[in-house]
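Student: This is the structure I want to talk about, given as structure tokens.
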Amino acid sequence: MPGKYGSASCTITYDDAPGGTGRIVTGHILTMSGVKITSVMQASHAFGDSWEESLPSGMGKMDPVTLTGFWDTTATTGPHVVFIVPDDGPQDATRTLVIVFGDSKTMTVETYLVSYSVLGKNGALSEFEAVIQPTGAPVWS
């Protein structure tokens, strides 16, 4: 049915370093948090109000994106190579996150890599978790 797509239609690309080369990491991802875009709200209730009130501040934001999957050290494209060094300097270039959800509907946003974890599991394969913080507005095409 047109307009409905699953994970097999999704492609995730992420730069391997600040200002680096985009690497397709789709084959390593098991879960992805939602791509959540929200309006920043400001409290606007006055003295005497019995309910909290809010107004849009005119700012928008995109929540962090968390990617998880099996830990893999494959050269150039494995998550251990792409996500190993979180961004730590304000002068660092951003990294581009590109997600194609299906039907060529693409979201592109500049980001910083906040954290990368390798998770050991007893009796199971090791996993990873990468937390990516968008900065600026996402572009949909």
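FYI, the numbering for the sequence shown is 285 to 425, going by the working numbering. Where is the CB? At the ideal position from N, CA and C, for every residue including glycine.
#1: Scan the region 373 to 425 and note each continuous beta strand (DSSP E) run of 3 residues or more that stays entirely inside, going in chain order.
#2: Does the region 405 to 417 come close enough to the region 319 to 326 to have 3 or more Cβ pairs within less than 8 Å?
#3: Could you tell me whether the Cβ atoms of T295 and I368 are closer together than 9 Å?
#4: Under three-state DSSP, which class holds G353?
#5: Tell me, to the nearest whole angstrom, how far the beta carbon of T315 is from that of G306; I am working on the premise that it is less than 8 Å.
#6: Counting C-beta neighbours from all protein chains within 10 Å, is the total for W355 16 or more, i.e. buried, or is it exposed?
#7: Taking the CB atoms as reference points, tell me whether T395 and L381 lie closer together than 9 Å.
#8: Less than 9 Å between the beta carbons of G342 and H312, yes or no?
#9: On the premise that P370 lies in contact with L397, defined as a C-beta separation below 8 Å, what is that separation, rounded to the nearest angstrom?
#10: How many whole angstroms separate the CB atoms of D300 and V366, which I take to be in contact at a CB cut-off of 8 Å?
#11: Assign G290 to one of three DSSP states: helix, strand, or coil.
#12: If you measure between the beta carbons of D387 and G304, is that distance less than 9 Å?
Tutor: Taking the definition as stated:
#1: 379 to 384, 390 to 403, 411 to 418
#2: no
#3: no
#4: strand
#5: Rounded, the Cβ-Cβ distance is 21 Å, inconsistent with contact.
#6: buried
#7: yes
#8: no
#9: 5 Å
#10: 5 Å
#11: coil
#12: no
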